[in-house]
Amino acid sequence: MFDAARFLKDLNELRQIGAYKTGVHRPTYSPQDMASRRWLMDRMAEVGLVPSIDGIGNVYGRHPGPGPHVLAGSHIETQNQAGWLDGALGVVAGLALARAGLPVDVAAFADEEGHFEGGFLGSKSIIGALSEEEIDRSRSRNDGTPLRDALAAAGLAGLPRMQLEAGRHKAFFEMHIEQGTQLENAGLRCGVVTGIVAIWQYRIVIEGMQDHAGGTTMAERRDAGLSAVRLLAMLDQEFPRICGARSTWTAGRIAVEPGAPSIIPGRAEILFQFRDVEVPVLERMERCLLAAVQESNRRERCAATLHIVSKATPALCDAATMAALDAAAEARAPGLWQRMPSGAGHDAQYIARLMPVSMLFTPSIKGISHHWAEDTKEEDLALCGEILCDGVGQYLGAGG
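Residues 0 to 399 (numbering that gives the first Met the number 0) make up the sequence shown, in order.
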């Protein structure tokens, strides 16, 4: 009953809103983003759902018939100048499930991509985990616009924020591109996700002494920039000794002040994160980070201070939903699928606080994502759509 041709048509139609090269530019609450939300509400109505939009920008299509119901979806805003499938795939797959006659509510959560401070605004809001105070504090990471002003400009000010109805949904399903190369490198066409990594984020501030780049001898210098580089090199050497098989770590921002060519940096700031799906591994990595900062302070002339920014909890996928997707994958693509963790964060990790969740991955060509060259073969998109439809049907048929 899965209409693969219409599924692909919807995906390609949505990619035209905010088109950028072969990808899409739809920042949260931009005119392009709001146009895509209106487009989605029209498509929801066409497949028999009752569409609405709330005060944080969540678009929700409610199935009008009897349950048991499942929830499906993702997000439709994009990173800047990014890909056409990240997020959009899960929402359009939800539409396809509803078109196939399954009792599915479909959601497009706002700002999964974190254009505004805090990130995951929509999925946090819909589970009751986003306060008015957090909305008041949040600013755009792109230009500093207050979130309240952005909501007003998008026509959302004053609308109530919805929350999920307790007990309505048996589970949540999210279809997504892998955003990595595991499936492609192994010649596989589908991944059943076992869990979503937690991201632990830190700010490291290093204080040195700003001084003249020519008049200050190397023996006298307190160069915060060089101390930052040496600390990161130490972490990159030590983490492989204690991390997990799929752990990752990233220095996403390294800023030195004042940032002039003839001035020794007097201050450096590093935004640092690591990810894993297992809490004991995360705890080992944190201990290693603390030890490295301590060792840096022993060796260096510049003092390093570690600040915790956020520490999320891994979200493990539900056994029954995974079993249903396993069976569907083996039936549609025997031997061409695997179980695997997600290395990226997703709305599903917040929805997991209220109900069982499951995710299905399609391959990503060359693993590219968060870039306009992101792509997946249409035959893989269609196959995984059919697997998702079969899996959700089997899960509901088995009573969840």
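Beta carbons: idealized from backbone N, C-alpha and C, even for Gly.
What you are looking at is a predicted structure, and each value in this text was computed from that prediction instead of being measured.
- In this structure, Glu329 is the residue among Asp346, Tyr28 and Glu329 with its C-alpha nearest to the C-alpha of Leu187.
- Residue burial annotation: Gln15 is exposed, with fewer than 16 other C-beta atoms found within 10 angstroms of its C-beta.
- As the crow flies, the alpha-carbon of Ala109 is around 8 Å from that of Val58.
- Under the DSSP assignment, Tyr201 falls in the beta strand (DSSP E) whose first and last residues are Ala197 to Glu206.
- The Cβ-Cβ distance between Ala128 and Asp104 does not fall below 9 Å.
- By the beta-carbon neighbour count (other beta carbons within 10 angstroms, threshold 16), Gln293 is exposed.
- For Ile125 against Leu163, the beta-carbon gap comes to about 6 Å, under 8 Å, which counts as contact.
- Membership of Ala212 in any beta strand (DSSP E) is not indicated, and neither H nor E is assigned to it by DSSP.
- By the neighbour-count definition (other C-beta atoms within 10 Å, threshold 16), Glu373 is a buried residue.
- Judged by their CB atoms, Ser295 and Met233 are nearer to each other than the 9 Å cut-off.
- Distance from the CA atom of Gly47 to the CA atom of Gly17, rounded to whole angstroms, is 26 Å.
- Within its own chain, the residues whose Cβ lies closer than 6 Å to the Cβ of Phe6, once the five positions on either side in sequence are excluded, are Ala95 and Gly384, listed in chain order.
- For Val196 and Val276, the gap between their C-alpha atoms comes out near 4 Å.
- For Ile125, the uninterrupted alpha helix (DSSP H) segment begins and ends at Leu120 to Ile125.
- Counted as a single uninterrupted DSSP element, the alpha helix (DSSP H) harbouring Leu387 occupies residues Glu377 to Gly396.
- Comparing C-alpha distances from Ala34 to each of Arg338, Ala250, Leu395 and Leu13 shows the shortest one belongs to Leu13.
- Excluding five sequence positions before and after Asp2, the CB atoms of its chain that fall closer than 8 Å to its own CB belong to Ala95, Arg98 and Ala99, given in chain order.
- Between Leu359 and Gly390, the gap from beta carbon to beta carbon is short of 9 Å.
- As DSSP reads the structure, Leu315 sits in a beta bridge with Gly194.
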